[in-house]
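In my numbering, the protein residues as written are 1 to 384. These notes are about the structure you will find just below.
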């Protein structure tokens, strides 16, 4: 028995000794590095380029890079100087440069300290059309929950590509409609408690998110240059996304082989994080280079792409939802008596009532949908 226990302890020690924490010795190399995020497509502008400066890997905190001169340049010599409409966000005119299939484009950035960064010319590829975006109900096991994970898995089919080899990148944007748990009955402001005139003013919201996951695929080696059942993202019932109505916009980008290599490396690195035998993370070189110092490459990528889009709307599915719903507790009722001690920085304070008419002060996220990242204005593209 002692031998068996000793062997078990040895195996346990071997298991943990094989896992080596990796913390890259960068020596501050990527502190204050230029980060580029932008693209030009065959769709009408305006086009947007976001510039920021990176920070240390221990406490990442990118900050907008202002005061730069940013231009998009075409292979035929035409160009446009972008306008900085908000800190670090540079935008072309809606009547300015327009991406054309077969034309080549690059970006040029002149920083306030006199450095010039440029990308190489990339050809704008013809887009591969999207055939359909659809979803299927899925149940997934979970080690962290006492129930199965329920939700919708989204998929995509493409139409046949013109070329045998196409390089595709998908960017996803979600919008969902959701509601607060309580209506606003009263408001406390300027040391006065008054009836709130429109109880449902902040009850219904729409939230927009750019999904961070990276999806790539190339059609080389396929019998036909057409894709079916490409898995996109999964949305569970652990949150409010599917609680009323959900919309997914899929942007399918036809890109160059070099751009595909960059984004596919990003995808692989993201997927390998946390795996026991994953590769060590490494700096993936973008396509924007300091013209005076080729070793000084900006982070990120300037994309030139043909784009096809499709949006799908999904109503609340017949699944079990597990997201937290607010309830009124003794603390919320007692908070009414503390209103007179509140400060102007807390105003306005919204109150609700229960079925017996008793007032309570819920957590702001429970009574004002904007506190959950929503906006009360319905998007122009929304369909009910």
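Ideal Cβ positions, reconstructed from N, Cα and C, are used throughout, including at glycine.
Item: What are the residues that DSSP puts in a beta bridge with residue 210?; Value: 173
Item: To the nearest whole angstrom, what separates the beta carbons of residue 118 and residue 108, a pair I think is in contact under 8 Å?; Value: 5 Å
Item: Determine, using beta carbons only, whether residue 207 and residue 176 come nearer to each other than 8 Å.; Value: yes
Item: Compute every distance between the C-beta of residue 343 and the non-hydrogen atoms of the ligand GTP, then say whether any falls below 7 Å.; Value: By its list of ligands, the structure shown contains no ligand whatsoever, and the ligand GTP lies outside what it can speak to.
Item: Do you know how far the Cα of residue 330 is from the Cα of residue 358?; Value: 11 Å
Item: Does any residue of chain B bring its CB to less than 8 Å from the CB of residue 130?; Value: No chain B appears in the structure shown, which is made up of a single protein chain.
Item: Output needed for residue 286: all residues of its chain with C-beta closer than 7 Å, excluding positions within five of it in sequence on either side, in chain order.; Value: 36, 262, 297, 298, 299, 300 and 301
Item: Given a threshold of 16 other Cβ atoms within 10 Å of its Cβ, counted over all protein chains shown, does residue 182 qualify as buried or as exposed?; Value: buried
Item: Leaving aside the five residues before and after residue 379 along the sequence, list all residues of the same chain whose C-beta is less than 8 Å from its C-beta, in chain order.; Value: 175, 206 and 208
Item: Determine the closest residue to residue 137 out of 257, 155 and 126, with distance taken between C-alpha atoms.; Value: 155
Item: Ends of the beta strand (DSSP E) at residue 203?; Value: Where residue 203 is concerned, there is no enclosing beta strand (DSSP E), given that its DSSP letter is neither H nor E.
Item: Would you please state the rounded distance, in angstroms, between the beta carbons of residue 97 and residue 352? I believe it to be under 8 Å.; Value: About 52 Å separates the two Cβ atoms, so there is no contact after all.
Item: Considering only their Cβ atoms, is the gap separating residue 168 from residue 253 smaller than 8 Å?; Value: yes
Item: Once DSSP output is grouped into helix, strand and coil, what is the label at residue 262?; Value: helix
Item: Which value, in whole angstroms, describes the spacing of the CA atoms of residue 284 and residue 295?; Value: 13 Å
Item: Am I right that residue 242 and residue 152 are in contact with their C-beta atoms under 8 Å? What's the rounded C-beta distance?; Value: 7 Å
Item: On the CB-based measure, 16 or more other CB atoms within 10 Å of its CB, does residue 41 come out buried or exposed?; Value: buried
Item: Is the separation between the beta-carbon of residue 348 and that of residue 214 shorter than 8 Å?; Value: no
Item: Excluding the 5 residues preceding and the 5 following residue 224 in the sequence, name in chain order all residues of the same chain whose CB lies nearer than 8 Å to its CB.; Value: 160
Item: Distance check for residue 228 and residue 384, CA to CA, integer angstroms please.; Value: 28 Å
Item: Hey, quick one: how far does the beta strand (DSSP E) through residue 294 stretch, first residue to last?; Value: 293-297
Item: Identify the residues that DSSP records as bridge partners of residue 290: which are they?; Value: 117 and 293
Item: Please report the Cβ distance between residue 374 and residue 178, rounded to the nearest whole angstrom; I am assuming they are in contact, meaning their Cβ atoms lie under 8 Å.; Value: 7 Å
Item: By DSSP, does residue 226 sit in helix, in strand, or in coil?; Value: coil
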